[in-house]
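Heads up: the structure comes next, in structure tokens.
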Amino acid sequence: MKLELVKITKRFGALVANDAVDLEVAEGEIHALLGENGAGKTTLMNVLFGLLHPDSGEIRIDGQAVRFANPGQAVRHGIGMVHQHFMLVGVFTAAENIVLGFEPTILRLGLLDRRKADRDIRKLSQEYGLEVDPNAIVEDLPVGVQQRVEILKALARDAKLLILDEPTSVLTPQEIESLFRTMHALQQSGHSILFITHKLKEVLAVADRITVMRQGRVVGSTTPQETDENKLASMMVGRSVELVVEKGPARPGPTVLEVRGLTVGDDRGLTMVDHVDLDVHAGEIVALAGVQGNGQTEFAEALAGLRQVTSGKIVLEGQDVTSASPRGRIEAGLADVPEDRQKDGLVMPLSVADNLVLDIFNVPPHAHHGARDLAEVKSNAEHRIEDFDIRTSSVDANVGALSGGNQQKVILARELSRPVKVLVASQPTRGLDVGSIEYVHRRIVEARDNGVAVLIISAELDEVMALGDRIAVMYRGRIMGVVEPSVSREELGLMMAGVTDSAPPDAPVAALAGGPGSS
Amino acid sequence: MISADATTGSPGGVEPPGSGEEPAGGDGKPPASVGWTRYLRRLSEANVVVVTILAIFTALVIGAILILVTSTAVLHAWGRVGSAPGEAFATSWHTVANAYSAMFEGSIFSPSAVGHAISTGRGWTAAFSPISETLVSATPLMLAGMGVAIGFSTGVFNIGAQGQLIGGALASLYVGFEVHATIWLHLPLVIIAGAVGGAIVGFIPGILKAQTGAHEVIVTIMLNYIVLYLLVYLLTTAPFQQQGQTNAISRVMPNSARLPHLLGSGLRVNAGLIVAILVLLGASWFMRKSTLGFTFRVIGINPDAGRTAGMNVKKVTVLVLMLSGALVGLAGMASLSGTDFFMATGYGGGVGFNAITVALLGRNRPLGVFLGSLLFAAMITGGRNMQAVTGIDLDLTTVIQALIVFMVATPALVRDIYRLKDSGRSLTQLISKGWG
Chain A
202 MKLELVKITK RFGALVANDA VDLEVAEGEI HALLGENGAG KTTLMNVLFG
252 LLHPDSGEIR IDGQAVRFAN PGQAVRHGIG MVHQHFMLVG VFTAAENIVL
302 GFEPTILRLG LLDRRKADRD IRKLSQEYGL EVDPNAIVED LPVGVQQRVE
352 ILKALARDAK LLILDEPTSV LTPQEIESLF RTMHALQQSG HSILFITHKL
402 KEVLAVADRI TVMRQGRVVG STTPQETDEN KLASMMVGRS VELVVEKGPA
452 RPGPTVLEVR GLTVGDDRGL TMVDHVDLDV HAGEIVALAG VQGNGQTEFA
502 EALAGLRQVT SGKIVLEGQD VTSASPRGRI EAGLADVPED RQKDGLVMPL
552 SVADNLVLDI FNVPPHAHHG ARDLAEVKSN AEHRIEDFDI RTSSVDANVG
602 ALSGGNQQKV ILARELSRPV KVLVASQPTR GLDVGSIEYV HRRIVEARDN
652 GVAVLIISAE LDEVMALGDR IAVMYRGRIM GVVEPSVSRE ELGLMMAGVT
702 DSAPPDAPVA ALAGGPGSS
Chain B
410 MISADATTGS PGGVEPPGSG EEPAGGDGKP PASVGWTRYL RRLSEANVVV
460 VTILAIFTAL VIGAILILVT STAVLHAWGR VGSAPGEAFA TSWHTVANAY
510 SAMFEGSIFS PSAVGHAIST GRGWTAAFSP ISETLVSATP LMLAGMGVAI
560 GFSTGVFNIG AQGQLIGGAL ASLYVGFEVH ATIWLHLPLV IIAGAVGGAI
610 VGFIPGILKA QTGAHEVIVT IMLNYIVLYL LVYLLTTAPF QQQGQTNAIS
660 RVMPNSARLP HLLGSGLRVN AGLIVAILVL LGASWFMRKS TLGFTFRVIG
710 INPDAGRTAG MNVKKVTVLV LMLSGALVGL AGMASLSGTD FFMATGYGGG
760 VGFNAITVAL LGRNRPLGVF LGSLLFAAMI TGGRNMQAVT GIDLDLTTVI
810 QALIVFMVAT PALVRDIYRL KDSGRSLTQL ISKGWG
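Chains as they are written, first to last, in the numbering used here: chain A, 202 to 720; chain B, 410 to 845.
This is the structure:
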């Protein structure tokens, strides 16, 4: 199937989200649509999938102009979409999710023919190498497998063109590899794939052709052979971008954060952090690397006081804070940038100003004797917005209306606006665009240079290697070793898979099955 | 084999205007429009105030239809519509007009009574009696409604207003007849006791939710029954039971424990109204400007973020239910110490449940609760007058109240009826909060 989008324009009020966008996807092609958050990629895909109606322009399939009033019609024309946030019923089985909406029935009596559903799905799974247990409950599956269920759902509806919206943002490196294999298998069987992303490496690794969007327009089209990361990044951002973090050598001071024999369990009581020892000195960045689901999340939560410690201790500048409340740790000088910024870091319907004081709203100068000083909160917000270059229409705007990058800047601005001794940042740039990543990295290095002890927890190898003055690798709840940033990617990769000189990996797959809640 | 896909509707996937860091083609702001054009546009966009007013209007229209189809006189007239068409319409009009003017005269004022008072200089008490009765009915609704509203806006669905109201009234009653002091000391103690009594009943679901995760909806509903029958028991037991009585009726509060009348002894409106207004003003300040109110709001919207920011979610959960219960307890105090002076079984009637409705109608805001209470109280007092004057059953007002709530809860319906644009601020979100 060949898809053409011709001069698609979509306006929201005065904002032109898509401005005469042309896009062509050939049969059997993996076509990457690259752009920063807010460039208009998602709008374009929603137009294509019938969720939005273009103000002008045309969609053509195999040369024929088509109009989609709703997603159902797009599906009938062979278009399938895998949304960034999965549209699955958590308590249903994989098979039930896949057949949802066109269930095979026995003798048209309205009885669900489970056997036929299972058979069909097993057949599809085998055909494309998408291994899924049809009887598994979806919410118990790892995120990567849930995504396979989504892809199978589209294929079961005879999709010839698959739209994958930011499919890798929730996956581990291994799951990403597996997804790429699936994409190639689909390509072999004649499917076209529209791959939406803002990650440059992935585009270069998997796409046949690349279209770059910026501010609602197509700014260029190229192939991986003709371009490289730097060229793509400057096309996306509209200026040249530094992909390397510029930082001087660290000047480590005394130990500020001292973790000794820390053991932490997860919600089911399984040991996720296993006798971890770690020191972070003032003025250095320690990067904690590891495949997601190896205990980093629980480790960060234990540091912030959000998760009970089984044994061991956490010492902050000589003060034992192991049993201190989150409040107590904040007062002791701990700053926490949580992994899930929208869930744990911000209150979406509240204003930017309120979010900027979320953990200091009740102390002077923001409050006196239980009464908030709203004028002070506002002037604080004005300063932070300027200082951290937060793009918002006003201090009173809901923080939920900001882009992901600006939301993260709000959290950083808040955490660094008080005297801080330790900064723990989990996945600080996940889901951010190139420009924001650059900015967040710069502020983290700046904090380090101001003498803050920084601990970065990241699943992005590039980030770990670029930011860390020392790199600790976590595998199945243990620190496999602490190495210098000059270490090779291969060596780090092996450590992340649990291989050390002395001990071979024991069932590394088990560590990956962190469950859907782990991301 | 393909049918409408389950993947329809992905609000999360749509990039809303202005979400980009540098939105394409402009600054992302709608074009500036001035003065009256903007005013007209605002008006046509169905904001909550317009929806609420239209909902009340529509409910009254439907109520009028119900009056017509249940009136034998009207049906009779329509039976003879062929021979006397004018009479059918006239009868219909008179029936509805009589009913609604009786409701108005019973709840606000009667023009004839006011005219009489002005011309003769006497009968002012009778002229002010309807509005006084409305204010008397509204007072406990304001207090209990605000209590429930504070819970709602914090994500706590307190359905236990009935029990907390009885708890507050019982405590006030006990202090009322056990303590002997001058009114300057006695009355404040009675008021405080009401708040404390309600807070104690609120503490139980609060501590259970915080410590065990028990859902407050279940616990508060069940607690209503427990308190209700605790009352029945206490009313037949010393020291509560009235001496010489075998019925379940309590002792009577002495004068020093009663809220003083505001407009002379002939009108029942009393200082409870002042307590209610002070509480509403206090609640407004509390939610907007106090640090604890900010904590309540944050935890109501996103407890995870609150916890990460160092807030003690468990403590706040208990505090919210205690504060909510305290305000509802004051409602019990206000009706006991303001008008009733003793308790019998089933005390409080429907106030506890009407409080929930008033909180929803008032969008959990103090001013909204104030206006919602007045509306509900006016319909109750007016409905009684309507029943007395026209014979139309008081239940009709209940139906109208239900219709108002029904339509306020489904703004899409009101917008459809009046072809209004969606302003994007949904009431249903507000109402469904707390059930998560």
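The beta-carbon is built from N, C-alpha and C at its ideal position, and this holds for glycine as well.
Handout entry: Whether Leu433(A) touches Leu401(A) by CB criterion (8 angstroms)
Key = Contact flag set, yes.
Practice task
Locate the beta strand (DSSP E) running through Phe213(A), then write down its first and last residues.
Solution key: From DSSP, the beta strand (DSSP E) with Phe213(A) extends over 204-213.
Problem - Secondary structure of Asn599(A), DSSP reduced to three states - result: In the three-state reduction of the DSSP assignment, Asn599(A) falls in the strand class.
Handout entry: Closer than 8 angstroms to chain B by CB, Lys432(A)
Key = Answer no: the Cβ-Cβ gap between Lys432(A) and chain B never drops below 8 angstroms.
Handout entry: Residue burial classification, Tyr676(A) (beta-carbon count within 10 angstroms, cutoff 16)
Key = By the neighbour-count rule (16 or more Cβ atoms within 10 Å), Tyr676(A) is buried.
Problem - Proximity below 8 angstroms, CB of Thr412(A) to CB of Thr369(A) - result: No, the Cβ-Cβ distance between Thr412(A) and Thr369(A) is not below 8 angstroms.
Problem - Partners in chain A for Ile710(B), counting only beta-carbon separations shorter than 8 angstroms - result: Near Ile710(B) (Cβ distances below 8 angstroms), the residues of chain A are Val548, Met549, Pro550, Leu551.
Problem - Local Cβ density within 10 Å of Ile561(A), reported as buried at 16 or more and exposed below that - result: By the 10 Å Cβ count, Ile561(A) comes out buried.
Problem - Run of the beta strand (DSSP E) containing Gly258(A), from where it starts to where it stops - result: Counting along the chain, the beta strand (DSSP E) containing Gly258(A) begins and ends at 257-262.
Practice task
Answer yes or no: does any C-beta atom of chain B fall closer than 8 angstroms to that of Pro255(A)?
Solution key: Taking CB atoms only, Pro255(A) has no neighbour in chain B less than 8 angstroms away.
Handout entry: Residues of the stretch 356-379 of chain A whose Cβ lies closer than 8 angstroms to any Cβ of chain B, in chain order
Key = The residues in question are Arg358, Asp359, Asp366.
Problem - 9 angstroms Cβ cut-off: residues of chain B touching Ile531(A) - result: Per Cβ cutoff of 9 angstroms: Ala718, Gly719.
Problem - Among Asn711(B), Phe703(B), Phe750(B), Ile686(B), nearest to Met551(B) - alpha-carbon criterion - result: The shortest Cα separation from Met551(B) among Asn711(B), Phe703(B), Phe750(B), Ile686(B) belongs to Ile686(B).
Practice task
Just list the alpha helix (DSSP H) runs in the stretch 772-839 of chain B, keeping only unbroken ones of 4 residues or longer that don't cross its boundaries, in chain order.
Solution key: Counting only unbroken stretches of 4 or more residues, the alpha helix (DSSP H) elements lying wholly within the stretch 772-839 of chain B are 775-799, 804-818, 820-827, in sequence order.
Problem - Span of the alpha helix (DSSP H), counted from its first residue to its last, around Ile280(A) - result: Careful: Ile280(A) lies outside any alpha helix (DSSP H), inside the beta strand (DSSP E) at 280-283.
Exercise for the section: Could you please tell me which residues of the stretch 550-572 of chain A, in chain order, have their CB closer than 8 angstroms to any CB of chain B? Expected result: The residues in question are Pro550, Leu551, Asp555, Leu559, Asp560, Phe562, Asn563, Ala568, Gly571, Ala572.
Handout entry: Length at least 3, wholly inside the stretch 401-464 of chain A: the beta strand (DSSP E) runs in chain order
Key = Runs found: 410-415, 418-423.
Handout entry: N- and C-terminal bounds of the beta strand (DSSP E) containing His476(A)
Key = It spans 472-482 - the beta strand (DSSP E) in which His476(A) sits, taken as one unbroken run.
Practice task
May I have the straight-line CA-CA distance separating Leu613(A) from Leu598(B), to the nearest angstrom?
Solution key: Annotation: Leu613(A) to Leu598(B) spans about 50 angstroms, alpha carbon to alpha carbon.
Practice task
Flag this pair as touching only if the stretch 324-334 of chain A and the stretch 344-351 of chain A have three or more C-beta atom pairs under 8 angstroms; answer yes or no.
Solution key: Taking one beta carbon from each stretch, the stretch 324-334 of chain A and the stretch 344-351 of chain A have 3 or more pairs nearer than 8 angstroms; the two touch.
Exercise for the section: Could you please tell me which residues of the stretch 487-516 of chain A, in chain order, have their CB closer than 7 angstroms to any CB of chain B? Expected result: Answer set for the stretch 487-516 of chain A: Ala505, Leu507.
Problem - Three-state class that DSSP yields for Arg671(A) in the structure shown - result: DSSP, read as helix, strand or coil, puts Arg671(A) in strand.
Practice task
Would you mind listing the beta strand (DSSP E) stretches within the stretch 563-590 of chain A that are 3+ residues and don't spill past its ends, in chain order?
Solution key: Those beta strand (DSSP E) runs which fall completely within the stretch 563-590 of chain A and span 3+ residues do not exist here.
Handout entry: is_contact[Ser699(B), chain A] using C-beta, thresh 8 angstroms
Key = True, the Cβ-Cβ gap to chain A drops below 8 angstroms.
Exercise for the section: In the DSSP assignment, find the beta strand (DSSP E) that holds Lys544(A) and state where it starts and stops. Expected result: DSSP places Lys544(A) outside any beta strand (DSSP E), giving it a letter other than H or E.
Handout entry: Short CB-CB distance (under 8 angstroms) between Leu575(A) and chain B
Key = Interface residue, yes.
Handout entry: Reference Met288(A), options Ile352(A), Gly494(A), Asp555(A), closest by Cα
Key = Here the closest residue by C-alpha is Ile352(A).
Practice task
Identify whether Tyr676(A) lies in helix, strand or coil by the three-state DSSP scheme.
Solution key: Assignment of Tyr676(A) by DSSP, reduced to helix, strand and coil, places it in the strand class.
Handout entry: Counterpart residues of Asn679(B) in DSSP-defined beta bridges
Key = Asn679(B) pairs with His670(B).
Problem - His232(A), enclosing beta strand (DSSP E) - first and last residue - result: Annotation: the continuous beta strand (DSSP E) that includes His232(A) extends over 231-235.
Handout entry: Rounded straight-line distance, which links the Cα of Met437(A) to that of Asp341(A)
Key = Between the alpha carbons of Asp341(A) and Met437(A) lies a distance of about 37 angstroms.
Practice task
Identify whether Pro705(A) lies in helix, strand or coil by the three-state DSSP scheme.
Solution key: Residue placement at Pro705(A) is flagged as unreliable, the pLDDT there being 48, under the threshold of 50; a coordinate-derived value is accordingly withheld.
Handout entry: Ile377(A) (DSSP reduced to helix, strand or coil)
Key = DSSP places Ile377(A) in helix when its eight states are reduced to three.
Practice task
Sort Glu692(A), Gly669(A), Ala536(A) by Cα distance to Lys622(A) and report the nearest one.
Solution key: Answer by Cα proximity: Ala536(A).
Exercise for the section: Check whether the Cβ atoms of Leu313(A) and Val226(A) sit closer than 8 angstroms, and answer yes or no. Expected result: Here Leu313(A) is not near Val226(A), since their CB atoms are 8 angstroms or more apart.
Exercise for the section: Might you give, ordered along the chain, the residues of its own chain that have their beta carbon closer than 6 angstroms to the beta carbon of Phe213(A), omitting 5 neighbours on each side? Expected result: Taken in chain order, the list of residues that qualify is empty.
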